[in-house]
Amino acid sequence: MTRHPVRTVDALVAAGSWGLSVTVLLCLPLLAAGEPASADSLPAVAGAAWWAGLALVSVQALVLLWRRRAPRSVLVLVAAGAPAAALAGMDAGTGVTSVAVIVAAFAAVLLMGVVRALPAAAAAAFLVGSAQAFVSWSEAGAVLAVLGSSVVQGVGTVGLPLATAVFVRARRDVVTARAEQAQAVVREHDALVQVAVARERTATARELHDIAAHHLSGITVMTGALGRQIDTDPEGAKRAVEQVRHQSKAMLRDLRSLVTLLREDGGPTGATAPETLSSLPALVEDARRAGTDVELTVLGPGPGDVLDGRSGPLAQFGAYRTVQEALANAARHAPGARCEVVLDTRDARTTRVRVVNHPAPADAPTSPGTGYGLVGMRERASLTGAHLSYGPTEDGGWCVDLSLPGAQAGTDHPDPGHGG
Numbered sequence: 151m152t153r154h155p156v157r158t159v160d161a162l163v164a165a166g167s168w169g170l171s172v173t174v175l176l177c178l179p180l181l182a183a184g185e186p187a188s189a190d191s192l193p194a195v196a197g198a199a200w201w202a203g204l205a206l207v208s209v210q211a212l213v214l215l216w217r218r219r220a221p222r223s224v225l226v227l228v229a230a231g232a233p234a235a236a237l238a239g240m241d242a243g244t245g246v247t248s249v250a251v252i253v254a255a256f257a258a259v260l261l262m263g264v265v266r267a268l269p270a271a272a273a274a275a276f277l278v279g280s281a282q283a284f285v286s287w288s289e290a291g292a293v294l295a296v297l298g299s300s301v302v303q304g305v306g307t308v309g310l311p312l313a314t315a316v317f318v319r320a321r322r323d324v325v326t327a328r329a330e331q332a333q334a335v336v337r338e339h340d341a342l343v344q345v346a347v348a349r350e351r352t353a354t355a356r357e358l359h360d361i362a363a364h365h366l367s368g369i370t371v372m373t374g375a376l377g378r379q380i381d382t383d384p385e386g387a388k389r390a391v392e393q394v395r396h397q398s399k400a401m402l403r404d405l406r407s408l409v410t411l412l413r414e415d416g417g418p419t420g421a422t423a424p425e426t427l428s429s430l431p432a433l434v435e436d437a438r439r440a441g442t443d444v445e446l447t448v449l450g451p452g453p454g455d456v457l458d459g460r461s462g463p464l465a466q467f468g469a470y471r472t473v474q475e476a477l478a479n480a481a482r483h484a485p486g487a488r489c490e491v492v493l494d495t496r497d498a499r500t501t502r503v504r505v506v507n508h509p510a511p512a513d514a515p516t517s518p519g520t521g522y523g524l525v526g527m528r529e530r531a532s533l534t535g536a537h538l539s540y541g542p543t544e545d546g547g548w549c550v551d552l553s554l555p556g557a558q559a560g561t562d563h564p565d566p567g568h569g570g
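Numbering-wise, our numbering comes out as the position in the sequence shown, counting from 1, plus 150.
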C-alpha cells in the first residue's frame with residue numbers, strides 16, 4: 151500500500167464534510183417544521199439518536215483523512231456509517247451520513263479509476279441501500295416500495311459522485327495527454343534541430359576539407375618541384391614560390407567565401423562573394439599554373455551575367471566546388487594526366503558541367519582516396535536539386551558529370567539516385 155501523508159487539502163475536505171453533516175443535523179427541526187408528517191421519523195436535537203448521529207459523522211470525517219492512502223477501504227468504512235445510523239435510531243435522519251459517502255466515492259474513482267474502485271463502490275451502495283431499507287421497513291412500507299427506495303438511495307448516493315468523478319478524471323487524462331503530446335512535439339523538434347545542426351557541421355567540415363585538399367594538393371606538387379629547382383633552376387624556384395603564395399592566398403579567399411555563404415546576413419561589407427560558374431575560367435587558370443594540364447571548353451553562352459542568372463548562387467557555388475574537387479582529385483590520383491572541363495549551356499533549361507581526366511602516366515605516383523570528396527559532391531547535388539554522375543571512362547580515366555536545373559526548369563528535379 152502506498153503511504154501518503156495527510157495533506158492540508160485532505161484535512162479541509164474532511165472538515166468540510168463534517169461541517170456540512172453537522173449543519174444538516176442542526177437543521178432537522180426546521181425540516182420537521184416544514185413537514186409535520188415526518189416529524190416523528192426525525193431524531194430530536196440533543197436526543198440520544200441525534201448524539202449518535204453526531205458521533206458517526208465525526209468518525210466518518212476522521213476516516214476521510216486517509217482517503218488517499220486507502221480510497222476503497224475508506225469508501226466502505228464511511229458507507230458503513232449509514233446502517234449504523236439506522237440501527238442507532240436516526241430513522242429519516244440517516245441521510246446525514248451520505249455526505250461523507252459522496253466525498254469518499256468521488257475520491258476513490260478519481261484516485262484509482264472506475265474499474266479498480268467499482269467493487270468498493272458496489273459494497274458502499276449496498277450498505278447505503280440496506281440502511282434505507284431498514285428505515286423504510288420500520289415505517290411499515292410495502293416491500294416493492296422499500297426495495298425501490300433502497301435501490302434509489304444506494305445508487306444515487308454512490309452512483310452520481312462516481313459518474314462525476316469519471317468525467318473529471320477523463321478531462322484530466324485529456325489535459326495530461328495533450329501536455330505530453332506538446333512535450334513530445336517539443337522534444338521531436340529539438341531532436342530535428344540537433345540533427346540539422348549535425349548535418350550542417352558535417353557539410354561545413356566537408357567543404358573545408360575540399361577547399362584545403364584542392365589547394366594543398368597544388369602546394370604539395372609545387373613544393374616538391376621547388377626542392378629540386380632551388381639549386382639547379384633558381385628562377386624556376388622563384389616562380390614556384392610565387393605559385394605557393396598564390397595558392398595560399400586562394401585557399402584563404404575560398405575559406406572566406408565559404409564563411410560568407412554560411413552567414414545569414416550575407417557577411418560584412420566588402421566580404422568576398424561566393425564563387426559562381428563565372429569563376430570557372432579563373433579556377434582552371436589557377437589549376438594550370440599549379441601544374442595541371444587542364445583546358446576549359448564552353449559550349450553555348452559563356453560565363454557572365456547571362457550565365458549567372460540561369461541558376462541560384464547556392465547551386466552555382468556547389469557546381470564550382472564540384473569542379474574544384476574533381477581537379478584536386480585528378481591532381482592527387484592521376485598526376486600528370488590531361489584534364490578537360492566542359493561547360494555546356496546550350497540548353498536553356500539545364501547547365502551541364504563535365505570534368506574528365508585522362509589516365510595518368512605509368513610512372514606517376516598516386517595516392518589513395520578517402521571517398522569524402524565524392525560524398526561531398528553528392529550532397530551538394532542533392533541539396534540544389536542537381537543531377538550528378540561519375541565513374542571511370544573507357545580509356546581508364548575518370549569523369550564527373552553535373553547537370554544543374556535552370557530557372558525555366560521549375561521544380562522538376564532529376565532523380566538524384568541515378569548517378570550514385
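Each residue gets a CB set at the ideal place from its N, CA and C atoms; glycine is no exception.
A314 in three-state terms, based on DSSP
For this step, residue 314 is matched to residue 164 along the sequence shown. The question names Ala, yet the displayed sequence has Thr at residue 314. Residue state, collapsed to three classes: helix.
My assumption, with CB atoms under 8 Å, is that S167 sits in contact with V226. Please give the rounded CB distance.
In the sequence shown, counting from the first residue as 1, residue 167 sits at position 17. In the sequence shown, counting from the first residue as 1, residue 226 sits at position 76. Rounded, the Cβ-Cβ distance is 16 Å, inconsistent with contact.
Going by alpha carbons, who is nearest to L302 out of V278, V318, A313?
For the purposes of this step, residue 302 is taken as the residue at position 152 of the sequence shown. Contrary to the premise, residue 302 reads as Val rather than Leu in this sequence. The option with the nearest alpha carbon to V302 is V278.
Out of V394, M240, D383, which one is the CA nearest neighbour of T373?
Along the sequence shown, one-based indexing puts residue 373 at 223. Out of V394, M240, D383, V394 has the C-alpha closest to the C-alpha of T373.
Using 8 Å for Cβ pairs, my map puts M527 next to E475. What's the rounded Cβ distance?
Numbered from its first residue, the sequence shown carries residue 527 at position 377. Numbered from its first residue, the sequence shown carries residue 475 at position 325. With 8 Å as the limit, M527 and E475 qualify as a contact, their Cβ atoms being about 6 Å apart.
Start-to-end residues for the beta strand (DSSP E) that takes in D551:
Translated into the one-based positions of the sequence shown, residue 551 becomes position 401. 548-555 is the extent of the beta strand (DSSP E) around D551.
Roughly how many whole angstroms lie between the Cα atoms of P485 and T442?
In the sequence shown, counting from the first residue as 1, residue 485 sits at position 335. In the sequence shown, counting from the first residue as 1, residue 442 sits at position 292. Spanning the two alpha carbons is a distance of roughly 8 Å.
Is Q282 near G304, with beta carbons less than 8 Å apart?
Looking up residue 282 in the sequence shown gives position 132. Looking up residue 304 in the sequence shown gives position 154. Yes, they are a contact pair.
Please classify S208: is it buried, with 16 or more other beta-carbons within 10 angstroms of its beta-carbon, or exposed?
The count along the sequence shown starts at 1 and reaches residue 208 at position 58. Exposed.
Does chain B have any CB closer than 8 Å to the CB of G468?
Checking the listed chains, one finds no chain B in this structure; it contains a single protein chain.
Short of 6 Å in beta carbon distance, which residues of its chain neighbour N479, apart from the five on each side in sequence? Order them along the chain.
Position 329 of the sequence shown, counting from 1, holds the residue named residue 479. Closer than 6 Å at Cβ, skipping near neighbours: G523.
V224 versus R217 - alpha carbon distance:
Locating residue 224 in the sequence shown gives position 74, counting from the first residue. Locating residue 217 in the sequence shown gives position 67, counting from the first residue. One C-alpha to the other measures close to 6 Å.
Are the segment 200-207 and the segment 156-163 in contact at 8 Å, needing three or more beta carbon pairs?
no
Neighbour-count burial assignment, A194, 16 or more Cβ in a 10 Å radius
The residue given as residue 194 occupies position 44 in the sequence shown. With fewer than 16 other Cβ atoms within 10 Å, it is exposed.
Count the C-beta pairs between the segment 541-554 and the segment 491-505 that are closer than 8 Å, then say yes if the count reaches three, no if not.
yes
Cα-Cα separation between Q331 and R321, rounded to whole angstroms
Within the sequence shown, residue 331 is the residue found at index 181, counting from 1. Within the sequence shown, residue 321 is the residue found at index 171, counting from 1. If you take the alpha carbons of Q331 and R321, they lie about 15 Å apart.
Would DSSP call S539 helix, strand or coil?
By one-based count along the sequence shown, residue 539 stands at place 389. In the structure shown, S539 sits in a strand (DSSP, three-state: E or B).
Could you say which of L430, S286, V525, P511 lies nearest to R349 if we only look at CA atoms?
The sequence position of residue 349 within the sequence shown is 199, counting from 1. Ranking the options by Cα distance to R349, first place goes to V525.
In three-state terms, what does DSSP make of R471?
Position 321 of the sequence shown, counted from the start, is the residue given in the question as residue 471. Three-state DSSP puts R471 in a helix.
Is A254 closer than 8 Å to L215 when the C-beta atoms are compared?
Here the question's residue 215 lines up with position 65 in the sequence shown. Here the question's residue 254 lines up with position 104 in the sequence shown. No, Cβ-Cβ distance for L215 and A254 is not below 8 Å.
For V163, name the three-state secondary structure that DSSP assigns.
Locating residue 163 in the sequence shown gives position 13, counting from the first residue. It is helical.
Under the assumption that G450 contacts T495 (Cβ atoms under 8 Å), give the Cβ distance between them as a whole number of angstroms.
Your numbering for residue 450 matches position 300 in the sequence shown. Your numbering for residue 495 matches position 345 in the sequence shown. That pair is a contact at about 4 Å.
Presumed contact (8 Å Cβ cut-off) between I252 and T307, rounded CB distance:
As a working mapping, residue 252 is identified with position 102 in the sequence shown. As a working mapping, residue 307 is identified with position 157 in the sequence shown. Correct: roughly 6 Å between the Cβ atoms.
How close, in whole Å, do the beta carbons of A164 and A211 come, if the pair is a contact with beta carbons under 8 Å?
Along the sequence shown, read from residue 1 onward, the residue named residue 164 stands at position 14. Along the sequence shown, read from residue 1 onward, the residue named residue 211 stands at position 61. Right, their Cβ atoms sit about 5 Å apart.
My guess is that L493 and L430 are in contact by the Cβ rule of under 8 Å, so how many angstroms apart are they, rounded?
For the purposes of this step, residue 493 is taken as residue 343 along the sequence shown, with counting starting at 1. For the purposes of this step, residue 430 is taken as residue 280 along the sequence shown, with counting starting at 1. Confirmed, Cβ separation roughly 6 Å.
Tell me which same chain residues have a C-beta within less than 7 Å of the C-beta of P233, skipping the five on either side of it?
Here residue 233 refers to the residue found at position 83 when the sequence shown is read from its first residue. Excluding sequence neighbours, P233 sits near L277, S280, A281, F284.
Which of the three DSSP states is assigned to V491 in this structure?
Walking along the sequence shown from the start, residue 491 turns up at place 341. V491 falls in the strand class under three-state DSSP.
Using the three-state DSSP reduction, which class does V195 fall into: helix, strand or coil?
Here residue 195 is taken as the residue at index 45 of the sequence shown, counted from 1. Looking at V195 - three-state DSSP - the assignment turns out to be coil, as it is neither helix nor strand.
Under the criterion of a Cβ to heavy atom distance below 7 Å, does A220 qualify as lining the ligand MG?
Summarising the ligand content, the structure contains no ligands, and the ligand MG is consequently not present.
8 Å contact criterion, which A235 and T244 should meet: CB distance rounded:
Locating residue 235 in the sequence shown gives position 85, where the first residue counts as 1. Locating residue 244 in the sequence shown gives position 94, where the first residue counts as 1. Their Cβ separation, rounded to whole angstroms, is 4 Å, which keeps A235 and T244 in contact under 8 Å.
The alpha helix (DSSP H) spanning V439 covers which residue range?
The residue given as residue 439 occupies position 289 in the sequence shown. The sequence given here has Arg at residue 439, not Val. Segment 430-439, the alpha helix (DSSP H) holding R439.
Span of the alpha helix (DSSP H) holding V228?
Locating residue 228 in the sequence shown gives position 78, counting from the first residue. Per DSSP, V228 belongs to the alpha helix (DSSP H) from 221-229.
Using three-state DSSP, classify D545 as helix, strand or coil.
Locating residue 545 in the sequence shown gives position 395, counting from the first residue. Three-state result, D545: coil.
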